[in-house]
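Report on the following structure.
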(Lines of atoms letter the chains of each structure in order from A; the text may use other names.)
(Lines give C-alpha, C1' and ligand atoms only; values in the text may rest on other atoms or scores of the structure.)
Protein backbone atom coordinates (compact mmCIF):
# COMPACT_ATOMS: atom_id res chain seq x y z
CA UNK A 17 0.00 0.00 0.00
CA UNK A 18 1.24 3.52 -0.87
CA UNK A 19 1.60 5.75 2.18
CA UNK A 20 3.10 9.22 2.51
CA UNK A 21 3.50 9.88 -1.21
CA UNK A 22 6.46 12.16 -1.92
CA UNK A 23 6.70 14.55 -4.86
CA UNK A 24 9.70 15.40 -7.02
CA UNK A 25 10.46 17.68 -9.96
CA UNK A 26 13.28 17.11 -12.43
CA UNK A 27 14.38 20.64 -13.28
CA UNK A 28 18.19 20.83 -13.42
CA UNK A 29 18.58 21.06 -17.19
CA UNK A 30 19.35 24.28 -19.06
CA UNK A 31 16.39 24.06 -21.43
CA UNK A 32 18.48 25.03 -24.45
CA UNK A 33 15.78 24.30 -27.04
CA UNK A 34 13.31 26.62 -25.33
CA UNK A 35 15.94 29.34 -24.86
CA UNK A 36 16.94 29.14 -28.51
CA UNK A 37 13.34 29.57 -29.67
CA UNK A 38 12.40 32.47 -27.37
CA UNK A 39 13.84 35.94 -26.85
CA UNK A 40 14.11 35.72 -23.06
CA UNK A 41 17.23 34.02 -21.68
CA UNK A 42 15.44 32.66 -18.60
CA UNK A 43 16.05 29.21 -17.08
CA UNK A 44 13.15 26.98 -18.06
CA UNK A 45 11.97 26.33 -14.46
CA UNK A 46 11.40 30.09 -14.03
CA UNK A 47 9.46 30.67 -17.25
CA UNK A 48 5.95 31.82 -16.38
CA UNK A 49 2.91 29.62 -17.00
CA UNK A 50 -0.46 30.63 -15.64
CA UNK A 51 1.15 33.57 -13.89
CA UNK A 52 3.80 31.65 -11.94
CA UNK A 53 7.15 29.98 -12.54
CA UNK A 54 6.87 26.54 -14.12
CA UNK A 55 8.69 24.88 -11.21
CA UNK A 56 6.25 26.26 -8.64
CA UNK A 57 3.24 25.52 -10.79
CA UNK A 58 4.42 21.93 -11.14
CA UNK A 59 5.01 21.66 -7.41
CA UNK A 60 1.52 22.90 -6.57
CA UNK A 61 0.05 20.49 -9.11
CA UNK A 62 1.81 17.52 -7.52
CA UNK A 63 0.65 18.53 -4.05
CA UNK A 64 -2.93 18.94 -5.30
CA UNK A 65 -2.67 15.43 -6.76
CA UNK A 66 -1.67 13.88 -3.43
CA UNK A 67 2.01 14.51 -2.72
CA UNK A 68 2.67 15.47 0.91
CA UNK A 69 5.70 17.58 -0.07
CA UNK A 70 7.80 18.23 -3.16
CA UNK A 71 11.55 18.35 -3.81
CA UNK A 72 12.66 20.16 -6.97
CA UNK A 73 16.17 19.53 -8.26
CA UNK A 74 17.39 22.74 -9.94
CA UNK A 75 20.78 23.90 -11.15
CA UNK A 76 22.86 26.72 -9.69
CA UNK A 77 21.95 29.15 -12.48
CA UNK A 78 18.24 28.71 -11.76
CA UNK A 79 18.89 29.16 -8.04
CA UNK A 80 20.88 32.33 -8.67
CA UNK A 81 18.33 33.89 -11.02
CA UNK A 82 15.48 32.94 -8.68
CA UNK A 83 17.20 34.75 -5.83
CA UNK A 84 17.46 38.03 -7.73
CA UNK A 85 14.90 40.65 -6.74
CA UNK A 86 13.06 40.76 -10.04
CA UNK A 87 12.64 36.97 -10.07
CA UNK A 88 12.00 36.45 -6.33
CA UNK A 89 9.75 33.44 -5.76
CA UNK A 90 7.23 32.93 -3.02
CA UNK A 91 8.06 29.31 -2.23
CA UNK A 92 5.48 27.53 -0.06
CA UNK A 93 6.79 25.39 2.84
CA UNK A 94 5.66 22.21 1.07
CA UNK A 95 8.13 22.81 -1.80
CA UNK A 96 11.90 22.88 -1.36
CA UNK A 97 14.76 23.26 -3.81
CA UNK A 98 17.84 21.05 -3.99
CA UNK A 99 20.61 22.67 -6.02
CA UNK A 100 22.66 20.27 -8.13
CA UNK A 101 24.58 20.94 -11.34
CA UNK A 102 24.00 17.49 -12.79
CA UNK A 103 25.53 16.25 -16.01
CA UNK A 104 22.31 14.90 -17.48
CA UNK A 105 18.68 13.99 -16.76
CA UNK A 106 19.61 10.59 -15.34
CA UNK A 107 21.87 12.18 -12.75
CA UNK A 108 19.08 14.61 -11.85
CA UNK A 109 16.76 11.67 -11.19
CA UNK A 110 19.44 9.83 -9.23
CA UNK A 111 20.04 12.93 -7.10
CA UNK A 112 16.54 12.33 -5.72
CA UNK A 113 17.82 9.09 -4.22
CA UNK A 114 19.88 11.20 -1.80
CA UNK A 115 16.93 13.24 -0.50
CA UNK A 116 13.80 11.08 -0.68
CA UNK A 117 12.71 8.74 2.10
CA UNK A 118 12.29 5.05 1.17
CA UNK A 119 8.87 4.48 -0.33
CA UNK A 120 6.92 5.80 -3.31
CA UNK A 121 7.16 9.14 -5.09
CA UNK A 122 5.47 10.95 -7.95
CA UNK A 123 8.01 12.69 -10.18
CA UNK A 124 7.48 15.08 -13.06
CA UNK A 125 9.75 16.87 -15.46
CA UNK A 126 9.39 20.61 -14.99
CA UNK A 127 8.14 21.04 -18.57
CA UNK A 128 5.38 18.41 -18.49
CA UNK A 129 2.10 20.36 -18.54
CA UNK A 130 -0.77 18.00 -17.70
CA UNK A 131 -4.41 18.88 -16.96
CA UNK A 132 -4.92 18.64 -13.20
CA UNK A 133 -7.74 16.13 -13.58
CA UNK A 134 -5.50 13.86 -15.65
CA UNK A 135 -2.66 14.20 -13.16
CA UNK A 136 -4.99 13.22 -10.31
CA UNK A 137 -6.33 10.29 -12.32
CA UNK A 138 -2.79 9.12 -13.06
CA UNK A 139 -1.88 9.19 -9.35
CA UNK A 140 -5.07 7.41 -8.28
CA UNK A 141 -4.82 4.70 -10.94
CA UNK A 142 -1.12 4.20 -10.17
CA UNK A 143 -1.98 3.68 -6.50
CA UNK A 144 -4.57 1.08 -7.48
CA UNK A 145 -2.13 -0.75 -9.75
CA UNK A 146 0.40 -0.92 -6.92
CA UNK A 147 -2.18 -2.08 -4.37
CA UNK A 148 -3.43 -4.77 -6.78
CA UNK A 149 0.09 -6.02 -7.48
CA UNK A 150 2.92 -7.28 -5.31
CA UNK A 151 5.03 -4.24 -4.40
CA UNK A 152 8.15 -6.33 -4.92
CA UNK A 153 7.03 -7.00 -8.48
CA UNK A 154 5.91 -3.55 -9.60
CA UNK A 155 8.58 -0.84 -9.44
CA UNK A 156 6.44 1.94 -10.83
CA UNK A 157 4.06 3.38 -13.39
CA UNK A 158 4.80 5.79 -16.23
CA UNK A 159 2.34 8.15 -17.87
CA UNK A 160 2.16 7.65 -21.63
CA UNK A 161 0.34 9.46 -24.39
CA UNK A 162 -0.32 8.97 -28.10
CA UNK A 163 2.57 10.04 -30.30
CA UNK A 164 1.65 13.13 -32.29
CA UNK A 165 4.87 13.53 -34.25
CA UNK A 166 6.91 15.33 -31.58
CA UNK A 167 10.67 15.35 -32.03
CA UNK A 168 12.89 13.14 -29.85
CA UNK A 169 10.13 11.13 -28.11
CA UNK A 170 10.75 8.16 -25.84
CA UNK A 171 8.65 5.39 -27.35
CA UNK A 172 7.01 2.84 -25.07
CA UNK A 173 6.09 -0.68 -26.16
CA UNK A 174 3.02 -1.38 -23.99
CA UNK A 175 0.93 -4.56 -23.77
CA UNK A 176 -2.88 -4.53 -23.67
CA UNK A 177 -2.85 -4.90 -19.88
CA UNK A 178 -0.48 -1.95 -19.45
CA UNK A 179 2.90 -3.65 -18.97
CA UNK A 180 5.83 -1.78 -20.52
CA UNK A 181 7.93 -4.29 -22.43
CA UNK A 182 10.63 -1.84 -23.50
CA UNK A 183 11.48 1.83 -23.88
CA UNK A 184 13.57 3.25 -26.67
CA UNK A 185 13.75 4.73 -30.15
CA UNK A 186 11.78 1.99 -31.91
CA UNK A 187 8.57 3.71 -33.05
CA UNK A 188 5.31 2.70 -31.37
CA UNK A 189 1.98 4.47 -30.89
CA UNK A 190 2.81 5.48 -27.31
CA UNK A 191 5.43 7.86 -25.87
CA UNK A 192 6.25 8.79 -22.29
CA UNK A 193 4.65 11.97 -20.92
CA UNK A 194 7.05 13.18 -18.21
CA UNK A 195 5.19 11.72 -15.20
CA UNK A 196 6.59 8.87 -13.11
CA UNK A 197 5.08 7.08 -10.09
CA UNK A 198 8.08 5.14 -8.77
CA UNK A 199 9.42 3.16 -5.85
CA UNK A 200 12.71 4.37 -4.43
CA UNK A 201 13.91 0.82 -5.16
CA UNK A 202 14.78 2.09 -8.65
CA UNK A 203 17.79 3.83 -7.12
CA UNK A 204 19.27 0.40 -6.38
CA UNK A 205 20.40 0.44 -10.03
CA UNK A 206 22.24 3.76 -9.84
CA UNK A 207 25.68 2.18 -9.67
CA UNK A 208 24.90 -0.19 -12.56
CA UNK A 209 23.72 2.73 -14.71
CA UNK A 210 26.85 4.74 -14.00
CA UNK A 211 29.13 1.79 -14.69
CA UNK A 212 27.35 1.37 -18.02
CA UNK A 213 28.03 5.02 -18.84
CA UNK A 214 24.36 5.92 -19.25
CA UNK A 215 23.71 9.61 -19.74
CA UNK A 216 19.93 10.11 -19.84
CA UNK A 217 16.87 9.32 -17.74
CA UNK A 218 15.32 7.44 -20.64
CA UNK A 219 18.29 5.07 -20.74
CA UNK A 220 18.10 4.54 -16.98
CA UNK A 221 14.41 3.60 -17.21
CA UNK A 222 15.18 1.23 -20.08
CA UNK A 223 17.95 -0.34 -17.98
CA UNK A 224 15.76 -1.11 -14.98
CA UNK A 225 13.23 -2.82 -17.27
CA UNK A 226 16.02 -4.87 -18.84
CA UNK A 227 17.17 -5.85 -15.33
CA UNK A 228 13.73 -7.26 -14.52
CA UNK A 229 11.95 -4.44 -12.72
CA UNK A 230 8.33 -4.12 -13.82
CA UNK A 231 7.03 -0.76 -15.01
CA UNK A 232 3.41 -0.33 -16.04
CA UNK A 233 1.84 2.42 -18.14
CA UNK A 234 -1.27 4.58 -17.85
CA UNK A 235 -2.39 6.62 -20.83
CA UNK A 236 -3.20 10.27 -20.18
CA UNK A 237 -4.78 12.96 -22.36
CA UNK A 238 -3.95 16.58 -23.03
CA UNK A 239 -0.30 16.62 -21.97
CA UNK A 240 2.13 19.15 -23.48
CA UNK A 241 5.92 18.84 -23.34
CA UNK A 242 7.26 22.40 -23.34
CA UNK A 243 10.46 22.24 -25.39
CA UNK A 244 10.06 25.16 -27.79
CA UNK A 245 8.25 28.49 -28.09
CA UNK A 246 5.31 26.91 -29.90
CA UNK A 247 4.88 24.42 -27.04
CA UNK A 248 4.93 27.29 -24.56
CA UNK A 249 2.21 29.08 -26.50
CA UNK A 250 0.11 25.91 -26.60
CA UNK A 251 0.57 25.36 -22.87
CA UNK A 252 -0.50 28.92 -22.05
CA UNK A 253 -3.62 28.54 -24.17
CA UNK A 254 -4.43 25.20 -22.52
CA UNK A 255 -3.97 26.65 -19.04
CA UNK A 256 -6.27 29.58 -19.80
CA UNK A 257 -8.95 27.10 -20.87
CA UNK A 258 -8.54 25.20 -17.57
CA UNK A 259 -9.15 28.33 -15.49
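Residue numbers (my numbering): 17 to 259.
Glycine included, each C-beta is placed from N, C-alpha and C at the ideal position.
Taking 4 residues as the shortest admissible run, the segment 142 to 217 contains the following complete alpha helix (DSSP H) segments, listed from N- to C-terminal end: 206 to 211.
Under the three-state reduction of DSSP, residue 21 is assigned to coil, being neither helix nor strand. DSSP places residue 81 inside the alpha helix (DSSP H), whose first and last residues are 76 to 83. A direct Cα-Cα distance of roughly 15 Å separates residue 238 from residue 246. Restricting attention to 23, 22, 20 and 47, the CA atom closest to the CA of residue 31 is found in 47.
Considering only 92, 253, 183 and 72, the residue with the shortest C-alpha distance to residue 158 is 183. Around the Cβ of residue 107, a 10 Å sphere holds 16 or more other Cβ atoms; the residue is buried. With contacts defined by Cβ atoms closer than 9 Å, residue 190 and residue 162 form a contacting pair. Our two residues, residue 179 and residue 231, have alpha carbons roughly 6 Å apart in a direct line. Between residue 41 and residue 35, the C-beta gap is smaller than 9 Å, which places the two residues in contact. Nearest C-alpha to residue 170 among 197, 25 and 241: 241.
Nearest C-alpha to residue 185 among 173, 92, 137 and 196: 173.
When the five nearest sequence neighbours on each side are left out, the beta carbons in the same chain lying within less than 6 Å of the beta carbon of residue 105 are those of 216 and 217, in order along the chain.
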